[in-house]
RNA sequence: GGUCCCAUCGUCUAUCGGUUAGGACACAUGGUUUUCAUCCAUGAAAGAGGGGUUCGAUUCCCCUUGGGACCGCCA
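Numbering (my numbering), first residue to last: -19 to 443.
Quick look at the structure:
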């Protein structure tokens, strides 16, 4: 059995993380079923569709590694086909022109509101042989929706869904300017693209009932539907473009890596036993409809961070280094060529203190910046005794031939004995002098990561 | 308001009638450690409420409550 699915965002705003997850689920399922995953840009809203959003959508998906089959499908290019289908529906008696003016519709809505009853279009023109066609009104085309009976959709995630047909109004398929609406375009395109599985957010559930009627009217095979629960913001509402930290870029700029976000998104609303970490290969093999839950899930930044931390720690250091370079070049200051090798060899300890690439970048500050800024508070910690320790250290350190942990250790130990102090007594002044703060990597790591001259120069500034 | 849906620790979730209700994140405590971390160990933390069905319900059914989605000539 073939498996064709698609992700169909509209370029009327930046793609947020919920959409990304929908795309991921589609893509995973296509891979798993050896099917195809398409990207369709639904740009039939001419007013609001923007080229920049289209680009943002495509680059967001690419960043996560979600690659679509062939070129992206641009819906507006197929409008004439949509219109043809609408005309076909009229001919077949499944659609009709409605001459109600916008004022008339608004009046009806007002009236219903006052009476406290739900507004449904009154189907005035559905069978209007006796009505006079007003000259000054351009008609819209409405689909002749079923009035009686029920429609059942066997949803792959939600199970059997049953709705009374009377709750679906005669929805518009062609606007007064003859342009097709979403219900028509999406249906026609899904059919043309031979989509077998429509996997989308469950805010589309009602649309599936409408669209099914179009498929049936046209005698087309109805695809399988899967409506996945939405992602909620921390406030518990449907994620909107206004929520902060909702677009991919919000995560990229703090140094989240794609593998981690992919894993996080995979586990948001889906599970496989107790497993938390999934390689790409595993997610393709194991992902399924059965594991998708029915209730919406909330975004949790601490989990994203933790997932990122896990991936950073387990990642090949060369690969991590490349990501760090890319990150700093894009969002921070370019890493100087002369510092690259030091950073690379220091990643093995820098990454232990980091949840994000930004953390690594910040922790690398003592390598990247030749002039350290030491806060006055930290400077005040360098008292007479500390200065003596530093002086002694410089003497011993300069005399060292081979610089490694084994040769360094005795120096520190001797200083501890000599000055009757503990490790902190020696380590802290050195760290302040070399890193600029009390916090930082292990003192051996710091010394070994910097070259000898730099260590001496920095320490000499303190005494 | 109408229609539809959902309901296990704070969060993501496991359980598919019988479990001391498990894991992960976050949190707390302790240990390792040269600081901050990492790492390790431990702890606290959940079946919304009420009825049924059943020998037995977190699990099946109903009601209540709470939450959500949809109700555009947007998609």
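Backbone N, C-alpha and C fix where the C-beta goes; we use that ideal spot for every residue, glycine too.
Going along the chain, which unbroken runs of the alpha helix (DSSP H) with 4 or more residues stay wholly within the segment 280 to 317?
Those alpha helix (DSSP H) runs which fall completely within the segment 280 to 317 and span 4+ residues are 281 to 294, 297 to 311.
Write down the C-beta distance between residue 8 and residue 263 rounded to the nearest angstrom, noting that I regard them as a contact closer than 8 Å.
Along the first chain, one-based indexing puts residue 8 at 28. Along the first chain, one-based indexing puts residue 263 at 283. Right, their Cβ atoms sit about 6 Å apart.
According to DSSP, simplified to helix, strand and coil, what is residue 120?
Position 140 of the first chain, counted from the start, is the residue given in the question as residue 120. Residue 120 falls in the strand class under three-state DSSP.
Apart from the five residues on each side of it in sequence, which residues of its chain come closer than 8 Å, Cβ to Cβ, to residue 461?
Here the chain has residues from -19 to 443 only, and residue 461 is not among them.
Using the beta-carbon count (16 or more within 10 Å), is residue 111 buried or exposed?
For the purposes of this step, residue 111 is taken as the residue at position 131 of the first chain. With fewer than 16 other beta carbons inside 10 angstroms of its own, residue 111 counts as exposed.
Which of helix, strand or coil does DSSP assign to residue 148?
Against the first chain, residue 148 aligns to sequence position 168. It is coil, neither helix nor strand.
Inter-stretch contact at 8 Å, needing at least 3 Cβ pairs: the segment 35 to 51 / the segment 238 to 251
Result yes; three or more Cβ-Cβ pairs closer than 8 Å.
Return the residue from the list 251, 125, 275 that minimises the CA-CA distance to residue 182.
Translated into positions along the first chain, residue 182 becomes position 202. Among 251, 125, 275, the Cα nearest to that of residue 182 belongs to 275.
Can you tell me which of the three DSSP states residue 80 falls into?
Here residue 80 refers to the residue found at position 100 of the first chain. Per DSSP, reduced to three states, the secondary structure at residue 80 is coil, with no helix or strand assignment.
To which residues does DSSP link residue 160 through a beta bridge?
Walking along the first chain from the start, residue 160 turns up at place 180. Answer is 154, bridged to residue 160.
May I ask you to report which of helix, strand or coil DSSP gives residue 369?
To locate residue 369, count along the first chain from 1; it is residue 389. Residue state, collapsed to three classes: helix.
DSSP on residue 222, reduced to helix/strand/coil?
Position 242 of the first chain, counted from the start, is the residue given in the question as residue 222. If DSSP states are grouped into helix, strand and coil, residue 222 belongs with coil.
Where does residue 20 fall in DSSP's three states?
Position 40 of the first chain holds residue 20. In this structure, residue 20 counts as strand in the three-state DSSP scheme.
Going by alpha carbons, who is nearest to residue 149 out of 162, 134, 126, 382?
On the first chain, residue 149 is found 169 positions in, with the first residue counted as 1. When the alpha-carbon of residue 149 is set against those of 162, 134, 126, 382, the nearest one is in 126.
Check whether the Cβ atoms of residue 229 and residue 40 sit closer than 9 Å, and answer yes or no.
Numbered from 1 along the first chain, position 249 holds the residue referred to as residue 229. Numbered from 1 along the first chain, position 60 holds the residue referred to as residue 40. Cβ atoms of residue 229 and residue 40: closer than 9 Å.
Relative to the C-alpha of residue 286, which candidate in 267, 355, 332 has its C-alpha closest?
As a first step, residue 286 is located in the first chain; it is residue number 306 there, counting from the start. When each option's Cα is compared against that of residue 286, the closest is 332.
For the candidate residues 250, 249, 93, 279, whose alpha-carbon lies nearest to that of residue 227?
Position 247 of the first chain holds residue 227. Taking each of 250, 249, 93, 279 in turn and checking the Cα distance to residue 227, the smallest one comes out for 279.
Give me the Cβ distance between residue 1 and residue 211, rounded to the nearest whole Å; I'm assuming they're in contact under 8 Å.
Counting from 1 along the first chain, the entry for residue 1 is found at position 21. Counting from 1 along the first chain, the entry for residue 211 is found at position 231. Contact between residue 1 and residue 211 holds: CB atoms are separated by about 6 Å, below the 8 Å threshold.
Is it true that the CB of residue 370 sits closer than 9 Å to the CB of residue 415?
If you number the first chain from 1, residue 415 lands on position 435. If you number the first chain from 1, residue 370 lands on position 390. No.
So, with DSSP's three-state summary, where would you put residue 452?
It is not possible to answer for residue 452, since the shown part of the chain is limited to -19 through 443.
Roughly how many angstroms separate the alpha carbons of residue 165 and residue 59, rounded to a whole number?
The residue given as residue 165 occupies position 185 in the first chain. The residue given as residue 59 occupies position 79 in the first chain. Residue 165 and residue 59 have their C-alpha atoms some 7 Å from each other.
Closest by C-alpha distance to residue 365, when choosing among 177, 406, 254
The residue given as residue 365 occupies position 385 in the first chain. Closest option to residue 365, judged by alpha-carbon separation, among 177, 406, 254: 406.
Which first and last residues belong to the beta strand (DSSP E) in which residue 5 is found?
Position 25 of the first chain, counted from the first residue, corresponds to residue 5. It is not in any beta strand (DSSP E) - residue 5 instead sits in the alpha helix (DSSP H) that spans -3 to 12.
Three-pair Cβ contact test at 8 Å for the segment 150 to 162 versus the segment 60 to 70
They touch, by the three-pair rule.
Among 138, 23, -19, 105, the one whose alpha carbon lies nearest that of residue 448
The first residue shown for the chain is -19 and the last is 443, placing residue 448 beyond what the model contains.
Buried versus exposed call for residue 380 [16 or more other C-beta atoms within 10 Å across all chains shown]:
Position 400 of the first chain, counted from the start, is the residue given in the question as residue 380. Around the CB of residue 380, fewer than 16 other CB atoms lie within 10 Å, so the residue is classed as exposed.
For a quick check, are the C-beta atoms of residue -8 and residue 18 less than 9 Å apart?
Looking up residue -8 in the first chain gives position 12. Looking up residue 18 in the first chain gives position 38. No.
Residue 137: first and last residue of the uninterrupted alpha helix (DSSP H) it sits in:
Within the first chain, residue 137 is the residue found at index 157, counting from 1. Here residue 137 belongs to no alpha helix (DSSP H), and DSSP marks it neither H nor E.
Cα separation between residue 123 and residue 106?
Walking along the first chain from the start, residue 123 turns up at place 143. Walking along the first chain from the start, residue 106 turns up at place 126. Our two residues, residue 123 and residue 106, have alpha carbons roughly 9 Å apart in a direct line.
Please list, in chain order, all residues of the same chain as residue 433 whose beta carbon is under 8 Å from its beta carbon, the five residues on each side excluded.
The sequence position of residue 433 within the first chain is 453, counting from 1. Excluding residues within five positions, none has a Cβ falling inside 8 Å.
Taking the alpha carbon of residue 395 as the point to measure from, which residue in 374, 283, 382 has its own alpha carbon closest?
As a first step, residue 395 must be located in the first chain, where it is residue number 415. Its Cα nearest to that of residue 395, the residue 374 stands out among 374, 283, 382.
Cutting at 6 Å between CB atoms, please list the residues of its own chain near residue 290, excluding the five before and the five after it.
Taking the first residue of the first chain as 1, we reach residue 290 at position 310. Closer than 6 Å at Cβ, skipping near neighbours: no residue.
Just to confirm, are residue 198 and residue 69 a CB contact at a threshold of 9 Å?
Sequence index remark: in the first chain, residue 198 carries index 218 (1-based). Sequence index remark: in the first chain, residue 69 carries index 89 (1-based). In this structure, residue 198 lies near residue 69, with their beta-carbon atoms less than 9 Å apart.
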